[in-house]
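Engineer: There's a structure below that I have some questions on.
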Amino acid sequence: MSNISSNSSKPSTRKPVVLMSMGAQERAGHEYQVMTKKYMRPLVEHAGCVPVLAPTCFGIDDLKLYLSMVDGVYLTGAGSNIDPSLYGQENLTPEKTQDQDRDHFDLPLIHAALAMGLPLFGICRGMQEFNVALGGDMHQKLYTIPGMREHREDYSASVAQQYADVHQVRMVPDTWFAKLMQQEEIPVNSLHGQGIKTLGKGLQALAHAEDGLIEAVHLPEQQQFTLGVQWHPEWQAAQNPFSIRMFQAFGDACRQTVAQKLNR
């Protein structure tokens, strides 16, 4: 089924509410739960949704309560890697930060959101969580695999340089995502050292990098909007027509969810 929502839905009387799970960060000896503004801005400005931030440090007892209050789920990137034990591997990057509270919140969150028919959009770590939740696994060190390009950012460069477009992704032809992007290839940024190795159950690729790495996925058998992308469309989204289309499509799907709830 197409993941692009129909325009036939009745107008809703409220903005969609979207759940965003937060991440752990330590500052000056204090433990924080955080969310970066750059992820929230396009959700508000282009998707037309209201973000609700869920702390991941208190477990999943209230997960269904959170989901009962929202019309979509948006899983963002983060500086941490997913615990490799969750996909049956030893940790090959012990120097990298982990956030096991987020892992143990987001993976059940994905299953619950899918079961409830909620639209789901994942970026970078969020796409990787999507894959791991459905039984897929990861390349932990893309940069050591022959034939793979360097997908990591240059930490010595400015933020603008780190988020600059550095390679193309090619759409899988004749998919809803290719139609949404309106062209066969689009330029993207690249700020990740890990990537999908084996797709999770039911996931299909929507786009690939020039080296063959899977860069976008969806669940075609699910009726609701599902999309995960490996790059960062949230970065200066207002200046990127492809990013705007993605966030608008997600927002439209969430508005459709609102309309369905109001029509019950």
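Each residue of the sequence shown is one higher than the one before, starting from 19 at the first, in the numbering used here.
Glycine included, every Cβ here is placed at the ideal spot set by N, Cα and C.
Because the structure is a prediction, the values reported are computed rather than measured.
In angstroms with no decimal places, state the Cα-to-Cα distance between valine 184 and serine 176.
Structural biologist: Cα to Cα, valine 184 sits roughly 14 angstroms from serine 176.
Engineer: Could you check which residue in Val190, Gln158, Leu125, Pro112 has the C-alpha nearest to that of glutamate 233?
Structural biologist: For glutamate 233, the nearest C-alpha among the options comes from Val190.
Engineer: Within 8 angstroms, do at least three Cβ pairs link the segment 208 to 222 to the segment 231 to 251?
Structural biologist: With a cut-off of 8 angstroms, the segment 208 to 222 and the segment 231 to 251 count as touching, because enough Cβ pairs lie within range.
Engineer: Taking DSSP as the reference, what is the three-state secondary structure of serine 98?
Structural biologist: It is coil, neither helix nor strand.
Engineer: Considering only residues of the same chain and omitting the five flanking positions on each side of aspartate 155, which have a CB-CB separation below 6 angstroms?
Structural biologist: Tyr105, Lys215, Thr216.
Engineer: Strictly by DSSP, which residues pair up with valine 68?
Structural biologist: Valine 68 pairs with Val35.
Engineer: Between tyrosine 84 and alanine 256, what straight-line distance do the alpha-carbon atoms span, to the nearest angstrom?
Structural biologist: Using only the alpha carbons, I get a separation of about 29 angstroms.
Engineer: DSSP state of aspartate 155, grouped into three classes?
Structural biologist: Of the three classes helix, strand and coil, the one that applies to aspartate 155 here is strand, per DSSP.
Engineer: Classify glycine 213: buried if its beta carbon has 16 or more other beta carbons within 10 angstroms, exposed otherwise.
Structural biologist: When all chains shown are included, glycine 213 counts as buried.
Engineer: If you draw a straight line from the C-alpha of tyrosine 50 to the C-alpha of alanine 227, how long is it?
Structural biologist: Going from the Cα of tyrosine 50 to the Cα of alanine 227 covers about 35 angstroms.
Engineer: Taking 7 angstroms as the cut-off, does the CB of proline 251 come closer than this to any heavy atom belonging to the ligand GDP?
Structural biologist: As for the ligand GDP, it is missing from this structure, which has no ligand bound.
Engineer: How many angstroms separate the CA atom of glutamine 158 from the CA atom of glutamine 248?
Structural biologist: If you take the alpha carbons of glutamine 158 and glutamine 248, they lie about 14 angstroms apart.
Engineer: Alpha carbon to alpha carbon, how far is valine 91 from aspartate 80? Give it in angstroms, no decimals.
Structural biologist: So the alpha carbons of these two residues sit roughly 15 angstroms apart.
Engineer: Take every Cβ of the segment 61 to 68, pair it with every Cβ of the segment 105 to 122, and state whether three or more of those distances are shorter than 8 angstroms.
Structural biologist: Contact between the segment 61 to 68 and the segment 105 to 122 is absent, because fewer than three Cβ pairs lie under 8 angstroms.
Engineer: Quick check on this structure: which residue in Gly211, Asp121, Gln242 has the alpha carbon closest to the alpha carbon of aspartate 172?
Structural biologist: Among Gly211, Asp121, Gln242, the Cα nearest to that of aspartate 172 belongs to Gly211.
Engineer: How big is the Cα-Cα spacing for tryptophan 253 and leucine 136?
Structural biologist: Cα to Cα, tryptophan 253 sits roughly 24 angstroms from leucine 136.
Engineer: Take glutamine 186 and list the residues in its own chain whose beta-carbon comes closer than 8 angstroms to its own, dropping the five residues that flank it on each side.
Structural biologist: Glu203, Ile204, Pro205, Val206, Ala227, Glu228.
Engineer: Please report the residue range of the alpha helix (DSSP H) in which histidine 48 lies.
Structural biologist: Per DSSP, histidine 48 belongs to no alpha helix (DSSP H); it is in the beta strand (DSSP E), 48 to 52.
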